[in-house]
Structure formats: C-alpha cells, structure tokens
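Student: Numbering (our numbering), first residue to last: 92 to 276.
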C-alpha cells in the first residue's frame, strides 16, 4: 500500500510540475512530433539536434530512451536495421547511440557529404553551361550546405578561398559580370 501511495504521489507531483511549466507561458505550444531519421546522412544533424534532448535527459530511464530512439527511426532503413540489431535494453541503449553516431553522425563524414553536395551543384551548373534560371533555388541550396558546414565548425571565412571560386562557377555569366561590376565599386 505504501508503495502504491508513493507512486501515485510521484505521478501527481510530476503532473503538477509539467502543468506548472507549461502554464508559466501566456500561450500554449503544440506538442512537438519527434523527427524521424531515415538513414540519410544529410538529415542526421536535424535529427540529432532534436533527439539529443531525449538522450541528455538524465531523469529518463535508458529503456524509455531506447523506445523513443526506435520510434524515431524510419522502419526498413539502414538506420533501423542498425538499431534493431540491439535488443532494447538499458545496457544496449548507449551502445546503439555510439554506433548510430559512428555510422551517420561522424563530423568528418558529414563535412565530406556537404562539400560533395557543393561540388555536385557546381558540376551540375557547369554541365548546363551555367544557365541557372532560378537563382533563388541556387542560393537556398548553397546557403543550406554552408549552414550545415558552419554547424560542423567549418566556417565560411575559413574556406573563403576555396568556396568563392566554387560559388562563382555556379553563377550564370551575366550574373557573374554584374557581381564583378558591383564589387569594383
């Protein structure tokens, strides 16, 4: 009986704390849906940014973390087969995380992926003789890759000598001429 009371008391305290923390705001936010990881290396940064909050929660049992991890992985992917290779126990959760990060979250691998994406973008534009009709799309793709590299600690300033000619080679000839005229002033 005492044990049941303690559990009920704990649950009541937890509920009141969660209600209190969500009521401190003057507005209510919708619940966040856990982002799914499909095994694509380019989506690992976004996935880990969200999932790391669960991973770093010291009050949550490892068994629960493992369940959240399993639910956050898209079934039938390489990432899913990696996670499913571990029985879902508290002891295996840290091992699964280490292997997941080694396979999909290595910084050197992520940098290579984003640099390759930049080079692929250059090659695509070179093959089309730099007749890129949609500069907004080009700009958004370029910024996306540069932001990812910046997140990985590879700043634009550090690689400006390498990136500037790369970006210039993506631009259509008339845009490049206009840019050069503008830089001259």
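Heads up, the beta-carbon is just placed ideally off N, CA and C, and yes, glycines get one too. Note that the structure is predicted; figures quoted are calculated from it, not measured.
Between residue 204 and residue 117, what straight-line distance do the alpha-carbon atoms span, to the nearest angstrom?
Tutor: Those two C-alpha atoms are separated by around 42 angstroms.
Student: Starting from residue 133, trace the alpha helix (DSSP H) both ways and give me its first and last residue.
Tutor: It is not in any alpha helix (DSSP H) - residue 133 carries neither H nor E in the DSSP assignment.
Student: The alpha helix (DSSP H) spanning residue 197 covers which residue range?
Tutor: It is not in any alpha helix (DSSP H) - residue 197 carries neither H nor E in the DSSP assignment.
Student: Can you give me the Cβ contacts of residue 186 inside the same chain, cut-off strictly under 8 angstroms, excluding the 5 residues immediately before and after it?
Tutor: Closer than 8 angstroms at Cβ, skipping near neighbours: 177.
Student: Using CA coordinates, which residue listed in 258, 181 and 175 is at the minimum distance from residue 211?
Tutor: Checking every option, the nearest Cα to that of residue 211 belongs to 258.
Student: Between residue 169 and the rest of its own chain, which residues show a CB-CB distance below 6 angstroms, the 5 nearest in sequence each way excluded?
Tutor: Counting only Cβ-Cβ distances below 6 angstroms, and skipping sequence neighbours, we find 130.
Student: Does residue 261 pass the burial test, meaning 16 or more other C-beta atoms within 10 Å, or should it be called exposed?
Tutor: Classification of residue 261: buried, given that the 10 Å Cβ count is 16 or more.
Student: So, for residue 165: in the same chain, excluding its five sequence neighbours on each side, which residues have a beta-carbon less than 8 angstroms away from its beta-carbon?
Tutor: Cβ neighbours of residue 165 beyond the five flanking positions: 127, 128, 129, 130 and 171.
Student: Quickly, what does DSSP pair residue 74 with across the bridge? List them, please.
Tutor: This structure leaves residue 74 out entirely; the chain is present only between 92 and 276.
Student: Could you please give the first and the last residue of the uninterrupted alpha helix (DSSP H) stretch that includes residue 175?
Tutor: Taken as a continuous stretch (DSSP letters only), the alpha helix (DSSP H) holding residue 175 covers 169–175.
Student: Any idea what DSSP makes of residue 261, helix, strand or coil?
Tutor: DSSP places residue 261 in coil when its eight states are reduced to three.
Student: Taking the beta carbon of residue 253 as the centre, do at least 16 other beta carbons fall within 10 Å, making it buried, or is it exposed?
Tutor: By the 10 Å Cβ count, residue 253 comes out exposed.
Student: So what's residue 158 in DSSP terms, helix, strand or just coil?
Tutor: DSSP places residue 158 in helix when its eight states are reduced to three.
Student: Are the C-beta of residue 206 and some C-beta of chain B separated by less than 9 angstroms?
Tutor: The chain labelled as chain B is not found in the depicted structure, where only one protein chain is given.
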